[in-house]
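K.L.:
Per the working numbering, the very first residue in the sequence shown carries number 3; after that it's consecutive. Every residue, glycine too, gets a C-beta built ideally from N, C-alpha and C. This one's a predicted model, so the numbers in the text were calculated from it and none came from an experiment. Below is one structure. I have some questions about it.
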Amino acid sequence: MNFSFSDDQVLLKNSVRAALEEHCKSSHVRAMAEDGKGYSDELWGEMGKLGWLGLPFPEEHGGAGLGLVELAIVLEEMGRAAYPGPFFSTVVLGGLGLMLGGSAEQRDRWLPAIASGRARMTAALLEDHLDWDPASTTASATKSGSGWILSGVKRFVPWAHVADVILVPARSAEGLSLFLLDPKSVGVTLSPMKGIDLTNRWSELRLDKVAVGAEAIMGQPGGAASLLESLLRRAAVCASAEMLGAARRCLDMSVEYVKVREQFGQPIGSFQAIRHRCAEMLLEAENAHAAVYYAAWALTAGAEDAAVASSICKSYVNEAARRVCGDAIQVHGGIGFTWEYDLHLYMKRAKALEPLYGDTEYHRELITRHAITRS
């Protein structure tokens, strides 16, 4: 089985890298970390013109009709640049969520708006217990006439402060359900939260008896569990792609550094211990690459092992990215710890993504269940 990129995929990768090298330099990343909104409208509009925002959406909804492999290519480059903005929350969480479970009317309304850059989305998947299992949802949805009343608290909702609509799982009498929520609705309160990665934005979402219409529900009442599991698999692989990009950037910076940093009159890259460490970093990155792109292909193709492949991907990339970024700090020595040096931007991006959409323990538990069921 050949997983080399096609000519079109290589062209996509090169074009995304060139655009981000021009518009998303580390100076831009640092500026957005200090910015109240956290991202550039100009760059967001440019991504819409380039077709990135509609990459995985059907052509009839303004998209390119491509798959998760192409989306992973874009996200890997975004991780490499530490891109600050709501691309992941909008395209992956919101857009793929709509594709998986939205009605024709919901998809017609929102997917073209996302693809053109006119709308931003996110999903409120975590609560106080920080458990990614959809079955742990405690937020409630109570029938009220033809609509619903939503109550509960969601934590670490990405880019909610700029979202036009939020996907909100809540438990109704029928079971776990999923709703499209206008964050400007009466009873909705957003409060900023901070994480290790200052280039991302997080919010606490409080729902105090928020009324939504019948059109807000996605799919059938009580039918959201499998939809959310499918969305989490895709989010886990896409987050892994972004972590891979951040790890590769740390590796590239390390290799360049050991070529020019001298001790005892020679580059430190000539020392066996440093060379071996860089080789181990490359090995981790290449293995992570294989895990990411196989899982992306499997999910797109509907392969029998798609679910376990996504868990293998996230559990492995979590640890591989941590090792690569940690070794990069060690290779750089003291300068690697400084605020002025850019290495921490990529290390923190990878570290912040590690627990999202399932940490290593969560995904290994899923892998174990799969192995037991298959045996």
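Spatial neighbours of D130 within its chain, please: CB distance less than 7 Å, with the 5 preceding and 5 following residues excluded, ordered by chain position.
P.N.:
One-based indexing of the sequence shown puts residue 130 at position 128. Counting only Cβ-Cβ distances below 7 Å, and skipping sequence neighbours, we find V155, R157.
K.L.:
S91 and T124: beta carbons closer than 9 Å?
P.N.:
Taking the sequence shown and counting its residues from 1, the one referred to as residue 91 is at position 89. Taking the sequence shown and counting its residues from 1, the one referred to as residue 124 is at position 122. Yes.
K.L.:
Would you mind working out which of E61, G38, E72 sits nearest S8, comparing C-alpha positions?
P.N.:
The count along the sequence shown starts at 1 and reaches residue 8 at position 6. Comparing Cα positions, the closest option is E72.
K.L.:
If you measure between the beta carbons of A323 and L345, is that distance less than 9 Å?
P.N.:
Against the sequence shown, residue 323 aligns to sequence position 321. Against the sequence shown, residue 345 aligns to sequence position 343. Against a cut-off of 9 Å, the Cβ pair of L345 and A323 comes out as no contact.
K.L.:
Where does the unbroken beta strand (DSSP E) through W204 begin, and where does it stop?
P.N.:
Start at 1 with the first residue of the sequence shown, and residue 204 comes out as number 202. Where W204 is concerned, the enclosing beta strand (DSSP E) stretches over 204-214.
K.L.:
Return helix, strand or coil for L200, following the three-state DSSP convention.
P.N.:
The sequence position of residue 200 within the sequence shown is 198, counting from 1. Correct three-state label for L200: coil.
K.L.:
Can the beta-carbon of R236 be found less than 9 Å from the beta-carbon of V94?
P.N.:
For the purposes of this step, residue 236 is taken as residue 234 along the sequence shown, with counting starting at 1. For the purposes of this step, residue 94 is taken as residue 92 along the sequence shown, with counting starting at 1. Yes; because the gap between Cβ atoms is below 9 Å, this pair is in contact.
K.L.:
Count the other CB atoms within 10 Å of the CB of R120; is the residue buried (16 or more) or exposed (fewer)?
P.N.:
As a position in the sequence shown, residue 120 is number 118, starting the count at 1. Flag for R120 reads exposed.
K.L.:
Assign F266 to one of two classes, buried (16 or more other C-beta atoms within 10 Å of its C-beta) or exposed (fewer than that).
P.N.:
Within the sequence shown, residue 266 is the residue found at index 264, counting from 1. F266 should be labelled exposed.
K.L.:
Between the Cα of K353 and those of S148, C315, A248, spot the shortest distance and give me the residue it belongs to.
P.N.:
Position 351 of the sequence shown, counted from the first residue, corresponds to residue 353. When only C-alpha atoms are compared, the closest one is A248.
K.L.:
When DSSP labels each residue in this structure, what does R371 get in the three-state scheme?
P.N.:
Counting from one through the sequence shown, the residue named residue 371 turns up at place 369. Helix, per DSSP.
K.L.:
Spatial neighbours of R366 within its chain, please: CB distance less than 8 Å, with the 5 preceding and 5 following residues excluded, ordered by chain position.
P.N.:
Position 364 of the sequence shown, counted from the first residue, corresponds to residue 366. Excluding sequence neighbours, R366 sits near S313, S317.
K.L.:
Can you tell me whether Q222 is helix, strand or coil according to DSSP?
P.N.:
Position 220 of the sequence shown, counting from 1, holds the residue named residue 222. In this structure, Q222 counts as coil in the three-state DSSP scheme.
K.L.:
DSSP puts F181 in a beta bridge; with which residues?
P.N.:
The residue labelled residue 181 in the question sits at position 179 within the sequence shown. DSSP output for F181 lists V170, I219 as bridge partner(s).
K.L.:
Would you list the residues sitting across from M195 in a DSSP beta bridge?
P.N.:
The residue given as residue 195 occupies position 193 in the sequence shown. Looking at the DSSP assignment, M195 forms a beta bridge with W204.
K.L.:
By Cβ distance below 6 Å, which residues in the same chain neighbour L358 in space, the five residues on each side in sequence not counted?
P.N.:
Within the sequence shown, numbered from 1, the residue matching residue 358 stands at position 356. So the list reads A241, once near-sequence residues are dropped.
K.L.:
L229 and G221 - do their beta-carbons sit closer together than 9 Å?
P.N.:
Within the sequence shown, the letter at position 219 stands for residue 221. Within the sequence shown, the letter at position 227 stands for residue 229. Contact: yes.
K.L.:
By Cβ distance below 7 Å, which residues in the same chain neighbour L102 in space, the five residues on each side in sequence not counted?
P.N.:
The residue labelled residue 102 in the question sits at position 100 within the sequence shown. Contacts found: L229, S232, L233.
K.L.:
Name the two residues that bound the continuous alpha helix (DSSP H) containing G103.
P.N.:
For the purposes of this step, residue 103 is taken as residue 101 along the sequence shown, with counting starting at 1. Element bounds for G103: 98-103.
K.L.:
Kindly provide the ranges of any alpha helix (DSSP H) runs that are 4 or more residues long and lie completely inside the region 6-83, ordered along the chain.
P.N.:
With a minimum length of 4 residues, the continuous alpha helix (DSSP H) runs that stay inside the region 6-83 are 9-25, 28-36, 43-52, 70-83.
K.L.:
Determine the burial state of E217: buried for a count of at least 16 other Cβ atoms within 10 Å of its Cβ, exposed for fewer.
P.N.:
As a first step, residue 217 must be located in the sequence shown, where it is residue number 215. So E217 counts as exposed.
K.L.:
Mark T340 as exposed unless 16 or more other C-beta atoms lie within 10 angstroms of its C-beta, in which case mark it buried.
P.N.:
Mapped onto the sequence shown, residue 340 falls at position 338. So T340 counts as exposed.
K.L.:
For R32, tell me which candidate among L368, T375, K350 has the shortest Cα-Cα distance.
P.N.:
Looking up residue 32 in the sequence shown gives position 30. It is K350 whose Cα lies nearest to the Cα of R32.
K.L.:
Would you identify the three-state DSSP class for K145, choosing helix, strand or coil?
P.N.:
In the sequence shown, counting from the first residue as 1, residue 145 sits at position 143. The answer is strand: DSSP assigns K145 an E or B state.
K.L.:
Write down the C-beta distance between V294 and A74 rounded to the nearest angstrom, noting that I regard them as a contact closer than 8 Å.
P.N.:
Numbered from 1 along the sequence shown, position 292 holds the residue referred to as residue 294. Numbered from 1 along the sequence shown, position 72 holds the residue referred to as residue 74. Going by Cβ atoms, the distance from V294 to A74 rounds to 6 Å, so yes, they are a contact pair.
K.L.:
Which value, in whole angstroms, describes the spacing of the CA atoms of I407 and G96?
P.N.:
Absent from the model: residue 407. The displayed extent of the chain is 3 to 377, so no value can be given.
K.L.:
What are the start and end residues of each continuous alpha helix (DSSP H) run of 4 or more residues lying completely inside the region 309-369, in chain order?
P.N.:
Counting whole runs of 4 or more residues, the region 309-369 contains the alpha helix (DSSP H) stretches 345-355.
K.L.:
So which of L192, V212, L209, D210 has the shortest CA-CA distance to R203?
P.N.:
Here residue 203 is taken as the residue at index 201 of the sequence shown, counted from 1. Taking only the C-alpha atoms, the option nearest R203 is L192.
K.L.:
For D292, which residues of its own chain have a beta-carbon under 8 Å away from its beta-carbon, when the five flanking residues on both sides are left out?
P.N.:
By 1-based counting over the sequence shown, the position of residue 292 is 290. According to the sequence provided, residue 292 is Ala. The question's Asp does not apply to it. Same-chain partners within the cutoff: F5.
K.L.:
Using three-state DSSP, classify R122 as helix, strand or coil.
P.N.:
Position 120 of the sequence shown holds residue 122. Coil at R122, not helix or strand.
K.L.:
Can you give, in chain order, each stretch of the alpha helix (DSSP H) that sits fully within the region 255-304 and has at least 4 residues?
P.N.:
The qualifying runs are 274-303.
K.L.:
From this set, L180, H163, V164, which residue's C-alpha is nearest P171's C-alpha?
P.N.:
Locating residue 171 in the sequence shown gives position 169, counting from the first residue. Cα-wise, what sits closest to P171 is L180.
K.L.:
When DSSP labels each residue in this structure, what does L152 get in the three-state scheme?
P.N.:
Here residue 152 is taken as the residue at index 150 of the sequence shown, counted from 1. Here L152 sits in strand by DSSP.
K.L.:
Provide the residue(s) that pair with R109 in DSSP beta bridges, ordered along the chain.
P.N.:
For the purposes of this step, residue 109 is identified with residue 107 of the sequence shown, where counting begins at 1. Answer by DSSP bridge pairing: none, since R109 is not bridged.
K.L.:
Apply the 10 Å Cβ neighbour rule to L14 and answer buried if 16 or more other Cβ atoms are within range, or exposed otherwise.
P.N.:
Numbered from its first residue, the sequence shown carries residue 14 at position 12. That one is buried.
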